Ligand SMILES: Nc1ncnc2c1ncn2[C@@H]1O[C@H](COP(=O)(O)OP(=O)(O)OP(=O)(O)O)[C@@H](O)[C@H]1O
Ligand SMILES: [Mg+2]
């Protein structure tokens with residue numbers, strides 16, 4: 022079997038809320054191979070975000086293991102985990118989480134600032150902004166960009182450290198349908214270029230663009246299946262046609 | 003993360019809340035300004051004391067006659083007790099540690115040259131005054147023996163008198179009227195400037211003792227050789243205490259006084275100057291108290307605002323951690339921010355101190371000296387305050403859990 026990029030092995034997470042214990046994750050095993058595009062689905066409160074945070078080493082499991090390229094990272098120090106995130110993980114958040122009053126370019130460069138050597142950080146950051154189609158906006162501050170553009174900047178930021186995996190928690194959640202489809206188009210392109218992507222979503226239409234679907238329920242993996250991905254580009258075209266027809270009618 | 007970048011990030015953060023940052027810096031600004039003003043005035047006062055001790059001599063006593071130089075003073079023992087030129091001579095000869103004892107008279111009189119008039123202090127002296135008080139001649143010559151013995155109508159004028167009466171023209175050989183007596187100017191003294199009391203030391207005229215005694219003072223003297231003071235210079239400053247005792251016993255014996263009511267008083271010039279310096283020290287102590295309280299309050303203010311800043315920017319911290327900032331990076335970022343804020347405060351304090359000391363020099367006659375090392379020290383010290391009071395907030399920031407910080411509302 023090929024080496025998995027990230028694996029979760031029997032991870033659990035429980036929170037103590039007063040006298041009550043909330044079991045956010047109750048033993049989840051997932052192995053993610055390089056080049057996969059995975060959609061994580063499930064009802065609200067089923068543990069999707071919790072699972073993503075574990076994969077991204079933002080949070081540590083109550084029990085079980087997270088392995089990144091075979092290495093168990095569960096017991097590393099805060100500084101070591103920071104280095105792991107910096108090297109292997111690219112995050113895309115629902116709320117973009119860009120630094121205000123900071124140019125798009127500087128936002129994209131942020132992860133590289135925490136590397137010992139970042140001599141060509143700027144040129145590579147520009148490269149990433151080009152990749153998401155925002156090269157001409159690199160001097161704009163987040164407040165001068167639309168939601169979709171902000172999410173593209175955030176994706177460029179997630180790409181800039183050439184991570185082993187992109188983790189996106191509801192990246193289209195704050196966007197309208199068309200912009201959401203555009204973002205999904207971008208993710209599909211990145212996937213076709215070989216990027217490994219894990220994406221949380223509520224919407225089955227969005228999940229349909231992935232090649233593997235995980236469905237959570239009550240902190241457990243209810244199903245894990247490979248699917249034939251739909252094309253976001255085609256969807257987008259159809260959506261735009263439909264919209265313009267509605268506009269004409 | 004590179005230091006330069008950290009400074010850039012900190013600078014941006016300060017600018018975002020410029021007004022708040024400046025208000026926070028206020029304590030530091032006032033503290034640093036007070037420290038610098040204090041040190042500048044202290045150094046200035048010390049400089050003045052040194053200068054004056056140099057010009058007057060720290061090794062000088064003045065023996066004053068206590069108001070009995072005029073006739074009509076009591077003569078209980080049938081003798082008139084007063085200081086005379088002979089006392090000066092006796093001091094010079096009988097006390098081996100004394101180099102010079104210069105007898106002086108003084109009077110105030112109107113001085114007229116052409117249509118200008120001026121009222122300097124008129125001093126009756128002989129040539130011993132030059133070594134006793136470290137006077138140098140700028141132009142002209144000292145008094146001749148003949149002028150001294152025959153109350154010659156000659157004068158050596160101070161730099162101020164020259165400026166006021168003659169301006170740019172040459173005063174040597176000119177005739178001025180001192181209390182209506184025509185007198186020829188034979189010399190001009192080098193300027194000494196102000197003393198610590200802010201008095202102009204160059205606003206005087208030297209004339210032979212006898213000339214002042216007979217022609218100017220207009221008072222009937224108890225003795226034809228009476229003087230109003232004797233300036234006594236001691237060879238070695240370490241002998242001052244000894245010489246003071248000897249002076250006292252010699253003069254008591256010569257003036258035949260008993261009991262405590264001496265008809266003379268011995269003053270040490272450096273003592274007078276140092277009294278002034280002590281006043282300065284009290285003032286300085288006050289400033290030091292203001293400075294330390296202000297720096298403490300300022301530091302606590304910095305800590306407070308940094309805590310607020312950490313809370314406000316929790317999400318930013320979370321994001322930075324998510325993309326790879328180690329706890330140490332976050333710590334550095336906030337420490338540098340606190341340090342930058344404090345050194346900026348220090349810099350503003352320095353600017354204020356510069357203005358205030360310039361003002362004090364100009365309008366209150368203080369001497370203030372800002373030493374370069376004080377500047378570096380004060381800014382360095384404020385940066386240290388930043389690090390000290392910024393440490394706790396910075397550590398708090400660095401210990402946040404990435405996921406909690408990101409979820410922070
Ligand atoms: N910090 C926390 N403290 C206590 N309980 C928590 C915490 N974080 C998550 N939980 C609980 O864990 C469970 C899973 O939460 P999680 O955020 O993973 O759900 P989710 O699947 O992402 O939901 P949604 O689709 O609404 O985002 C929920 O019941 C939630 O209340
Ligand atoms: Mg969620």
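Protein chains in written order, with the numbering used here: chain A, 22 to 270; chain B, 3 to 411. Just so you know, even glycine gets a beta-carbon here, dropped at the ideal spot from N, CA and C. Because the structure is a prediction, the values reported are computed rather than measured.
Under 8 Å by Cβ, that's how I've got residue 237 (chain B) and residue 106 (chain B) pegged, so tell me the actual separation to the nearest angstrom. A Cβ-Cβ distance of about 20 Å is found for the pair residue 237 (chain B) and residue 106 (chain B), leaving them out of contact under the 8 Å criterion.
What does residue 348 (chain B) reach in chain A if we use C-beta pairs closer than 8 Å? For residue 348 (chain B), there are no C-beta contacts with chain A under 8 Å, since the nearest C-beta of that chain is about 26 Å from it.
Label residue 115 (chain B) either buried or exposed according to how many other C-beta atoms from any shown protein chain fall within 10 Å of its C-beta, with 16 as the threshold for buried. Buried, since its Cβ has 16 or more Cβ neighbours within 10 Å.
In chain order, which beta strand (DSSP E) runs of at least 3 residues are fully inside the stretch 125-160 of chain B? Fully enclosed beta strand (DSSP E) runs of 3 or longer: 139-142 and 156-159.
6 Å Cβ shell around residue 130 (chain A) - same chain, five flanking residues per side excluded: The answer, listed in chain order, is 142 and 146.
Assign residue 110 (chain B) to one of three DSSP states: helix, strand, or coil. Assignment of residue 110 (chain B) by DSSP, reduced to helix, strand and coil, places it in the strand class.
Whole angstroms is fine: what's the gap from residue 261 (chain A)'s alpha carbon to residue 254 (chain A)'s? For residue 261 (chain A) and residue 254 (chain A), the distance between alpha carbons rounds to 11 Å.
Using Cβ-Cβ distances below 8 Å, what residues of the stretch 124-137 of chain A are close to chain B? Those would be 131, 132, 134, 135 and 136, in chain order.
When burial is assigned at 16 or more other CB atoms within 10 Å of the CB, is residue 79 (chain B) buried or exposed? Low per-residue confidence applies at residue 79 (chain B): pLDDT is 38, beneath 50, and the placement is therefore not dependable enough to give any value.
Taking 6 Å as the limit, name every residue whose beta carbon sits nearer than that to some heavy atom of ligand 1, in sequence order. Listed along the chain, these residues meet the criterion: A:36, A:38, A:43, A:45, A:63, A:65, A:66, A:67, A:68, A:69, A:70 and A:71.
Can a CB atom of chain B be found closer than 8 Å to the CB of residue 173 (chain A)? No, residue 173 (chain A) does not count as interfacial toward chain B.
When you compare only the Cα positions, how much space is there between residue 165 (chain A) and residue 179 (chain A)? Spanning the two alpha carbons is a distance of roughly 20 Å.
Could you tell me whether any non-hydrogen atom of ligand 2 is closer than 7 Å to the CB of residue 221 (chain A)? Yes, since a heavy atom of ligand 2 falls inside the 7 Å radius drawn around the Cβ of residue 221 (chain A).
Helix, strand or coil, according to DSSP, for residue 34 (chain A) in the structure here? Residue state, collapsed to three classes: strand.
Quick one, are the C-beta atoms of residue 43 (chain A) and residue 29 (chain A) less than 8 Å apart? For residue 43 (chain A) and residue 29 (chain A), no; Cβs fall outside 8 Å.
Interface partners of residue 80 (chain A) on chain B, CB under 7 Å: Chain order gives the chain B residues near residue 80 (chain A) as 405, where near means a beta carbon separation below 7 Å.
Check whether the stretch 216-229 of chain A and the stretch 49-64 of chain A touch, using three or more Cβ-Cβ pairs below 8 Å as the test. Yes: the two stretches touch, three or more of their Cβ pairs being nearer than 8 Å.
Confirm the yes/no value for this check: CB of residue 80 (chain A), any heavy atom of ligand 2, distance under 7 Å. Judged by the Cβ position, residue 80 (chain A) fails to qualify as a neighbour of ligand 2 at the 7 Å threshold, every heavy atom of the ligand being at least this far.
Going by Cα to Cα distance, which pick from B:68, B:379, B:392 and B:163 is closest to residue 306 (chain B)? Residue 306 (chain B) has its Cα closest to that of B:392, out of B:68, B:379, B:392 and B:163.
DSSP-derived helix/strand/coil call for residue 212 (chain A): Three-state DSSP puts residue 212 (chain A) in a helix.
Using beta carbons (cut-off 8 Å, strictly below), is residue 323 (chain B) in contact with chain A? By this cut-off, residue 323 (chain B) is an interface position.
Residue 100 (chain B) bridges to which residues according to DSSP? Looking at the DSSP assignment, residue 100 (chain B) forms a beta bridge with B:236.
In terms of residues, what are the limits of the beta strand (DSSP E) holding residue 246 (chain A)? Per DSSP, the unbroken beta strand (DSSP E) holding residue 246 (chain A) starts and ends at 241-247.
Could you name the residues of chain A that residue 318 (chain B) contacts, counting a contact when the two beta carbons are closer than 8 Å? Ordered by position in chain A, the residues that pass the 8 Å Cβ test against residue 318 (chain B) are 120.
Specify the secondary structure class of residue 370 (chain B) as computed by DSSP and reduced to three states. Coil.
Quick one: what does DSSP say residue 210 (chain B) is sitting in, helix, strand or coil? Taken through DSSP and simplified to helix, strand or coil, residue 210 (chain B) comes out as strand.
Identify whether residue 71 (chain A) lies in helix, strand or coil by the three-state DSSP scheme. DSSP places residue 71 (chain A) in helix when its eight states are reduced to three.
First through last residue of the alpha helix (DSSP H) which encompasses residue 316 (chain B): Segment 316-324, the alpha helix (DSSP H) holding residue 316 (chain B).
Can we count residue 190 (chain A) as close to ligand 2, meaning its CB is less than 7 Å from some heavy atom? If you check the C-beta of residue 190 (chain A) against ligand 2, you find a heavy atom less than 7 Å away.
Alpha carbon to alpha carbon, what distance is there between residue 84 (chain B) and residue 67 (chain B)? Distance between the alpha carbons of residue 67 (chain B) and residue 84 (chain B) is about 7 Å.
So the candidates are B:134, B:137 and B:127; which of them puts its Cα closest to the Cα of residue 147 (chain B)? A check of alpha carbon separations from residue 147 (chain B) across B:134, B:137 and B:127 identifies B:127 as the nearest.
Roughly how many angstroms lie between the CA atoms of residue 243 (chain A) and residue 206 (chain A), to the nearest whole one? When rounded, the distance between both Cα atoms is 27 Å.
Amino acids of chain B, ordered along the chain, whose beta-carbon sits closer than 8 Å to that of residue 112 (chain A): Neighbours of residue 112 (chain A) in chain B, taken as residues at a C-beta separation under 8 Å, are given in chain order as 324 and 325.
Short of 6 Å in beta carbon distance, which residues of its chain neighbour residue 15 (chain B), apart from the five on each side in sequence? Order them along the chain. Taken in chain order, the residues that qualify are 339.
Which residues of the stretch 14-31 of chain B have a Cβ closer than 8 Å to any Cβ of chain A? Give them in chain order. Listed in sequence order: 14 and 18.
Taking Cβ positions only, does residue 104 (chain A) come closer than 8 Å to chain B? By this cut-off, residue 104 (chain A) is an interface position.
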